[in-house]
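For the record, in the sequence shown the residue sitting at position 309 is 363 according to the working numbering, with numbers rising by one throughout.
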Amino acid sequence: MEDFDGASIEVDVAFELVANKKVVIPIAENRMSFLVAAKNVIDKMKDYWPLSIRQIHYHLLNGIVYTMEPKRSKYNKSHFRYRNNEKSYKSLSRLLTQARYLDLIPYEAIGDPTRPEKLWGGFKNVDQFIEREVANFMCGYHRNRQQGQPRHIEVLGEKNTILTILERATREYYVPLTIGRGFSGPSIWKRMAKRFAKSGKQAMSLIVCSDLDPEGLALAEDAIRSLRDMWGIPLDYHRVGVTREQVDEMGLANDYNPAKKKSPNLNAFIKKTGGKETWECEALPPDYLIEQVKAAIESNMDMDIYRDVIDRELEDCNTLHLMKTELSESMMY
């Protein structure tokens with residue numbers, strides 16, 4: 055499709071072959087406002103890098119954005135508005151691919167947690183190793199911030215795209231976090247059961263973050279049954295997102311893909327929600343999801359005990375700092 059100037063209205067690919075070499079297609083001038091809008095979202099969410107394209111997609115829906123602004127076209131301007139559909143999403147994906155190759159968006163701003171890497175380190179020599187060990191000597195101490203708490207708490211997330219967000223919510227409390235990537239298997243439940251047994255607590259609180267779709271609700275219920283029925287763990291359950299109340303209260307954009315007709319959980323989902331519309335965790339603002347998870351964690355904790363542990367940890371760190379200083383000084387003479 056072309057506008058009246060002959061410029062391409064939709065770029066189908068981010069690359070082309072020139073003399074059998076892969077070359078990035080430059081971003082057309084009429085797509086620059088689209089790039090600026092995407093960059094604004096990415097910059098505002100810098101604290102949560104690397105982002106998924108899904109997260110950027112949902113945040114673009116909060117304003118009026120156009121995938122392109124041609125000088126002349128047989129279509130009116132609204133035809134090019136960024137919408138909650140597959141066409142706009144693919145256009146965004148292509149744009150972000152081009153922008154990273156052209157150094158218009160930092161590579162580290164966008165990640166793909168489904169493709170992990172494993173790097174192997176090493177030292178150039180013994181001196182480098184000793185220098186590292188001396189610098190790290192007596193560093194990294196912390197208390198178990200869940201010690202003394204009445205309940206064992208676990209957080210379960212449905213997918214990797216919310217890992218960074220859930221890490222921020224659980225880190226300060228030292229609450230175990232698991233990403234199930236859909237329905238979890240027996241190995242995950244066994245590890246949770248071992249942590250529960252090691253804690254010596256009498257009951258568990260399970261906090262779940264999952265999509266509001268047939269599988270998102272079903273996997274949360276499966277988690278309860280697995281821990282309760284297969285491992286005999288007394289537990290209560292808190293699903294902090296995505297909920298129907300959050301959708302209504304915040305006007306969240308739904309997933310442009312409705313619930314799958316072949317899903318074995320579809321009928322139960324329709325019965326609970328009244329329709330086939332679905333919502334993803336990425337539609338929730340990160341700060342909001344963090345607040346919800348933290349609130350659920352604290353509601354299952356004795357905060358006086360927690361604050362006492364923090365105070366004792368600070369005292370321990372001061373003691374260790376003095377010891378390290380004295381040892382360092384003694385080694386100098």
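Note that CB positions come from ideal geometry on N, CA and C, so glycine has one too.
None of the values given here were measured: they were computed from a predicted structure.
query, result
"In angstroms, rounded to a whole number, what distance separates the CA positions of Asp66 and Lys75?", "Reliability fails at Asp66, whose pLDDT of 46 lies under 50, so the model's placement of it is uncertain and no value is given."
"Measuring CB to CB, does Val119 end up less than 7 Å from Ala91?", "yes"
"Tell me the DSSP secondary structure of Gly269 in three-state form.", "The identity of residue 269 in the sequence shown is Glu, whereas the question assumes Gly. Note: Glu269 maps to helix in three-state DSSP."
"What did DSSP end up calling Met122 once you bin it into helix, strand or coil?", "coil"
"Terminal residues of the continuous alpha helix (DSSP H) containing Asp181?", "Val180 to Ala189"
"Please classify Phe237: does DSSP put it in a helix, a strand, or coil?", "coil"
"Hey, would you say Leu273 sits closer than 7 Å to Phe237, going by beta carbons?", "yes"
"According to the Cβ coordinates, are Ala313 and Thr332 closer than 7 Å?", "yes"
"Have a look at Asp365 and Ile207 and give me their C-alpha separation to the nearest angstrom.", "21 Å"
"If you pair each beta-carbon of the segment 169-182 with each one of the segment 119-128, do three or more pairs fall below 8 Å?", "no"
"Along the alpha helix (DSSP H) that carries Lys315, what are the first and last residues, could you check?", "From DSSP, Lys315 is part of no alpha helix (DSSP H); its letter is neither H nor E."
"Which residues share a DSSP beta bridge with Trp103?", "None, per the DSSP bridge assignment."
"Excluding sequence positions up to five away, which residues of its chain have a Cβ less than 7 Å from the Cβ of Ala163?", "Ile96, Trp103, Pro104 and Leu105"
"Taking contact to mean 3 or more Cβ pairs, one atom from each stretch, closer than 8 Å, check whether the segment 241-255 and the segment 196-216 are in contact.", "yes"
"Pull up the distance between the alpha-carbon of Asn354 and that of Glu369, whole angstroms please.", "26 Å"
"Run through DSSP, which three-state label would Ile359 get?", "helix"
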